[in-house]
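One structure below.
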Amino acid sequence: MAACAASTATIDWELLEAAISGDTRSMKMKYMDSHDPTILLGKNPQGNTCLHISSMCGHLEFCKDVLSLPQDPTVKKKLLTTVNVMNETPLLTAITSGHVTLAAFLLKYCHEQGFSEVILKQDKHKCNALHHAICNGHKDLALELIATQPALSKDVNKYGESPMYIALMMRDSKFTDIFEKLLGIDGSSHSGTYGYNALHAAIRNGNPDIAKRIIVERPNLATEENKDGNTPIQLAVRWGKIDMLRVLLKHDRSQGYVINRKNGYPLLLSAAHRGHVAVAREIIKYCPDAPYCKKDGWTCLHKAVKSGNMEFVEFILGEPRLQKLVNMRSSKGKTALHYAIQKCDPKIVAALLDKKIDLTILGSDGNAAAWELRDALDSAKTLNWNEVSMLMIKADPPNAKSVYNLHEEAKEKLINASRKDARSLTQTYTSNTSLVAILIATITFAAAFTLPGGYSSDAGSQGLPIMARNVAFKAFLISDTLAMCASLAVAFICIIARWEDLDFLLYYRSFTKKLMWFAYMATTTAFATGLYTVLAPRLLWLAVGICSVAVLVPILTKVLGEWPVLKLRIRNFFLLGLSRWNGGPRATREQARRASPSRSGGEAQRCRRRDAAAPGKWGRNQLSARGRVPKSITPTHASLSECSEAGHSGAHSRSPQRSWLVVSMAEELAGQSLGLPTHGQSASSPLARTKIPRVEMNRGLLEAATSGDSKSLKNMVSQDPSILLGTTPQGNTCLHISSIHGRESFCKDLMVLSPCLVAKVNLYGETPLLTAVTSGHDALASVLLRCCLELGQSEAILRQDRDGCNALHHAIRSGHKELALELIEAEPALSQGVNKHNESPMFIAAMRDLADVLEKVLEIPNSSHVGACSYNALAAAVRNGNAAIAKKIVEARPWLAREENTKGTSPVHLTVLWDKADVLRVFLEHDQSLGYITTTNGSPLLNAAAYRGHIGAARELLKHCPDAPCCSANGWTCLHQAVQAGNTEFFEFIMRTPQLQRLVNMRDSSGKTALHYTVMKRNPKMVAALLSRKDVDYTMVDNSAQTASSHLWDAKDAKTLIWNEVSMLMLRADPEDATCLSNLLEEAKQKVTNESRKDVKSLTQSYTNNTSLVAILIATITFAAAFTLPGGYSSDDGHPIMARKLAFQAFLISDTLAMCSSLAVAFVCILSRSEDLEFLLYYRTITRNLMWLAYMATTTAFATGLYTVLAPRILWLAIGICFLSILLPVLTKLIGEWPVLKLRFRLGHAFKTKYLDILH
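FYI, the UniProt record's numbering numbers position 255 of the sequence shown as 255, with every residue one higher than the one before it.
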């Protein structure tokens, strides 16, 4: 009891100091003085004894003496087993403190004393001495611990980490010995944190030798999952550890078929996500049929496209075994092309289009890939979006109209968005532009009076330019003047820019950009000619070099600035340009048809003749007769053993009954594969319900099937005929594998050895025939098809995969026309198949524009014609604009023209929506009544044409049906629709079409006429066109008693010219309504004023920034010019040389006026009150007048200054400069107000100046 009480006592502080310093003598004296051995068991607040403290400090001798002093073994054991608050014994403390020698001594001491529990002790984190020794890198100590107490290897800390796992996580190779020791201990733990194990750790560090050892010793670790559901091989793929992946697959190839149980990702999908091409290549090498998609159809190609891994996409497209992925769909019915267009990735789109991809595949939403551009309209201003658009137009000419419509929709969306932000757009543009303009104006104005060569000081020509008679000097003056005038004009146009009107901004931007380019080129020319003037006489080479560089600078600037666009133009020039020159999409298609003549009937006949030349069943004699298989190949007992397994007794292959036996055997195994009853058994028999267990495929056979090694095949079959029954984890037989790789000779040998393999199906529901078709091996597919025919295996030919596609679906989709015709000839029932996307072979053939195939399918009476999203084959023909195919379909099945899809549109409506006038003509010539049909909601064809603006379709419709319906049930006419859609051309078509004249005054269900909607849309062209007609009643009111003019009350766009032009047009048409319009104007003005008051601070800042910038420019150059006088100063008395010249005096007066007025404007901008709208309006009026005065005075100063020095020697140039400088303000005013002037000219007397007051 006393000992126990003492153990909880507080440590003696003198003993504590001795332990810290390692003072053995003081410790012994204290121990002897106390006469109490338990003094050594005293603890500090952290629970540490003196042995803990000395272990922490690494005092080996102190620890030895402490353990030698007590004679009582209980005290010694207590010293070693006592734990501190961290639950550490002195041994653990020594290890964690890094004192290896001391820890080795304590370990040895405990072992000698038999204190095994001390060695096995774990701290509060459940880490034992071995955990800490490995973590701290003490290799020798760890080995000593393992040798002393192997049980340490079984412990797992609270993080789930075992010593083995920690040793493998350490990257240092010196821990390999520790791992080897741990692996050799039976029952040693291999677990790690987060569900990882030792194999996971080995893979993380990329150590294939260690991984191999683990797999051999503990193979179950390869299938263990972490908390994310990842096995070691899945992590090897994710981390790109190729060597590790190779080790795992060599040990067990079935690992290549592992699928993550949480996210459903197979290995190829994980590799695609990370873009690990080399990893994917290794997987395919060992597992040729490795799974490539999730259950929902999301393939590794989808993932690579979505992740933007171009290199992985190229790998898939270049890998024959993955060719089928190109047209595979996700759960949304979308192919990889859909997602590539969504991402606006032109490189991936171009790579996909280079393959035999089916552009016509529709997603679950009924949209083809090109329509994914609609979802990416936010990127419509980017080059990528436009390049993808061009690529799709090139690849799918029939769908070009849809892409053009998307362009128009994008343009309209951008314009609407820009109108909402017109002010900030204007501010950004004018700020940047005016800054560059000011720079050019400053340097060119200054250069005009600091002439190259200077002024003459001779008595006869004092003050005149020395180089006045030099041609380069004259060129300098001309280009300098042009640069100064153009840049100064741009600076002033930026000041008078109208901030709220997008149309003004577009006009200003277009004009100022041209002026700035002109000023840029003139500035570089002035620089070049100025230097050439002074350098040419002595340094001609340098002068010429400078001129060359100066001339090239604008060109290089243009090229560099537009380089991305130029690259795109170069890439697409030949592809897009040539197709347009040749007559566009339709001409290109007609040329293609003429280049490849129809094979409608001849191909099938040739196939029949070829098959008739080799009669008999599919056996050795037939193959040998065709000269394709050596005669030495004979059926082996493999076929017979398979027959016996299926419940049949057979004779040797050479018997006369062999053909019957082969057929029976194939039927039997086909029934097992397809889940169908076979000969002699019903669907309910026990044998029919029995599931045959899967036999794993021999590795050698897999390699032979992959490489097409027939010799190895024969050797293996001769030793074990049943080897051919093996399958991969994907359910593929050796015939499937060889079909994937297109090994035709190998497949023929297999069919001789075991014909029943032709009916086997894999996990995707594919027979070898389907696998060959989807892998793109049409010749091999033809061979397999004939084999199925010989064996009477119609079920195998009709087999549908898990997506519901049969061989004919895939053949048509992949563009294998000859194979498709052969399939139809062999098994017409294939035409009745419909996949899970509701697509029939006829529909796909029509979408792919395969006329020969479609004709053959159409001849089959009960062939299906349905398509995705309730479209039918006729709708597909309409999409491609193929009038010939459409004619054949509508004649054979006329009811299809009226069938509506889920969106309520029939093929006839689609001809109008897609502007397929040729197809519409075919429909109307076949049945004129089709021109009168309406949709379920009552919308007629003309409304659809007006919605898209397709005049050609409307003209064709009216040609055959002059009284075609032009309004829906609610009174919404095609004129209403054209106005609402903003289709000006269609609107004009209606205006000049006699049978549609009655529409101008027709009302919809809300009582509004077309005029009401044109006013609401603020479309002055349409308003003017309607008001120009005498039969338009502009006084009509709607159901809310509102006239067309009343819809101007919404003043959101009242500061735009369009709003004001529409107002003036309505006023001119209806003068009696002037009072109402005046009230509207006042209301709009008041509303704009109130909105401006809320934003007065930013308005003031924006205006003063631009104005003060230009004012500072003028003040700078005019102030400098006042002291850099034209002609210079006299060297005698310092007076101006040209002081008595009238032009010089005019220069000084105009320069002074310009400097004073611009300086006044600059200071007025400083004094402006940013919170008061009235002050802003006052400042704007005053500063604008002052700035115009400064502008005119500046140009006058420039002109008179140059006239002063040039007139005596170059009079014509002096007069030209004066004329241009004086004309410049006038031209600037004209350019700045040109949109308003145009409006004034158009309206004449109807123009009202007061309406435009709101714009200022």
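Using N, Cα and C, we set each Cβ at its ideal position, and we do this for glycine too.
- By the neighbour-count criterion, in which 16 or more other beta carbons inside 10 Å mark a residue as buried, residue 73 falls on the exposed side.
- According to the DSSP secondary-structure assignment, residue 866 is paired through a beta bridge with 872.
- Within its own chain, the residues whose Cβ lies closer than 7 Å to the Cβ of residue 526, once the five positions on either side in sequence are excluded, are 444, 447, 476, 479, 480, 483, listed in chain order.
- In the three-state reduction of the DSSP assignment, residue 1009 falls in the coil class, being assigned neither a helical nor a strand state.
- With the rule of 3 Cβ pairs closer than 8 Å, the segment 514 to 528 counts as touching the segment 536 to 556.
- Between residue 1124 and residue 442 the beta-carbon gap is near 13 Å, outside 8 Å, which marks them as no contact.
- Here DSSP, grouped into helix, strand and coil, assigns residue 787 to helix.
- Distances from the CA of residue 157 to each of 126, 810, 146, 136 were compared; the closest alpha carbon is that of 126.
- When DSSP states are grouped into helix, strand and coil, residue 241 belongs to the coil group.
- Contact between residue 190 and residue 162 is confirmed by a C-beta separation of about 6 Å, below the 8 Å threshold.
- Across the structure, residue 93 and residue 116 are spaced so that their CA atoms are roughly 17 Å apart.
- Counting C-beta pairs with one atom in each stretch, the segment 173 to 181 and the segment 215 to 225 have fewer than three that are closer than 8 Å, which means they do not touch.
- Contact check for residue 727 against residue 697 passes: the beta carbons are separated by less than 8 Å.
- Assignment of residue 967 by DSSP, reduced to helix, strand and coil, places it in the strand class.
- Within 10 angstroms of the beta-carbon of residue 13 lie fewer than 16 other beta-carbons, which makes it exposed.
- As a beta-bridge residue in DSSP terms, residue 43 pairs with 10.
- Closest in alpha carbon position to residue 401, among 911, 1019, 569, 992, is 911.
- If you ignore the 5 residues before and after residue 169, its C-beta comes within less than 6 Å of the C-beta of 201, all in its own chain and listed in chain order.
- Residue 812 places its beta carbon 8 Å or farther from that of residue 858.
- Bounds of any alpha helix (DSSP H) do not take in residue 804, whose DSSP letter is neither H nor E.
- For the segment 207 to 282, the continuous alpha helix (DSSP H) assignments of 4+ residues that do not extend past its boundaries occur at 208 to 217, 232 to 238, 242 to 251, 267 to 274, in sequence order.
- Residue burial annotation: residue 973 is buried, with at least 16 other C-beta atoms found within 10 angstroms of its C-beta.
- For residue 787 and residue 325, the gap between their C-alpha atoms comes out near 26 Å.
- Taking the C-beta atoms as reference points, residue 884 is found nearer than 8 Å to residue 851.
- Residue pairing by DSSP places residue 727 opposite 696 in a beta bridge.
- In this model, residue 971 and residue 1045 are separated by some 21 Å (Cα to Cα).
- With a cutoff of 8 Å on beta-carbon distance, residue 873 and residue 919 are scored as not near each other.
- In the DSSP assignment, residue 191 is bridged to 197.
- The alpha carbon of residue 141 has as its nearest neighbour, out of 166, 112, 114, 108, the alpha carbon of 108.
- Scanning 52, 43, 24, 95 for the CA closest to the CA of residue 65 turns up 24.
- Residue 105 and residue 253 have their alpha carbons spaced roughly 49 Å apart.
- Taken in chain order, the whole alpha helix (DSSP H) runs of length 4 or more contained in the segment 323 to 362 are 336 to 342, 346 to 353.
- Residue 940 has 934 as its beta-bridge partners, per DSSP.
- Residue 1236 and residue 956 have their C-alpha atoms some 41 Å from each other.
- Ranked by Cα distance from residue 347, the options 333, 384, 331, 366 are led by 384.
- Bridge pairing for residue 973: 967 [DSSP].
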